[in-house]
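Counting from 3, one number per residue, gives the positions in the sequence shown under this note's numbering. Glycine included, each C-beta is placed from N, C-alpha and C at the ideal position. Keep in mind the model is a prediction, meaning the values are calculated, not measured. Some notes on the structure that comes next.
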Amino acid sequence: MGKKDRLTTRPAFVTLRDLPGTRVMFWVVGECPYCGERHLHPAGNLRTADPGERLGEVPAPCNPERLYDLQLPPKPQRKKGKEARKKERRKGRVGDGWDVE
Numbered sequence: 003m004g005k006k007d008r009l010t011t012r013p014a015f016v017t018l019r020d021l022p023g024t025r026v027m028f029w030v031v032g033e034c035p036y037c038g039e040r041h042l043h044p045a046g047n048l049r050t051a052d053p054g055e056r057l058g059e060v061p062a063p064c065n066p067e068r069l070y071d072l073q074l075p076p077k078p079q080r081k082k083g084k085e086a087r088k089k090e091r092r093k094g095r096v097g098d099g100w101d102v103e
């Protein structure tokens, strides 16, 4: 196995927040992949800017030589419906549970 390349960009999952009382939006990195702290990145004006344009590779504030990739968190998987759960229960039931020979 080779060593991990330390210069590759790591993903950083973000949430969009606005600054109360202003029109400024920020991308908030909840946990930096390098230092574990919270970081803010400006996303533009609340009325005119498209915050999605600011996603992508940016330098980490804790170490400007390293880059991370601002990404939206993955969507959670949908839960199975009621019918699918019933089918799984029925499939698990082989017989009536009595072993009579």
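- Within the same chain, 33 and 64 come within 8 Å of residue 39 by CB-CB distance, once the 5 residues on both sides are set aside.
- Pairing residue 21 with residue 76, the inter-Cα distance amounts to about 24 Å.
- Within the same chain, 72 come within 6 Å of residue 57 by CB-CB distance, once the 5 residues on both sides are set aside.
- Between the C-alpha atoms of residue 28 and residue 81 there is a straight-line separation of about 31 Å.
- A distance below 7 Å between beta-carbons, with the five flanking residues on each side excluded, links residue 25 to the following residues of its chain, in chain order: 47, 48 and 49.
- If you draw a straight line from the Cα of residue 52 to the Cα of residue 70, it comes to about 20 Å.
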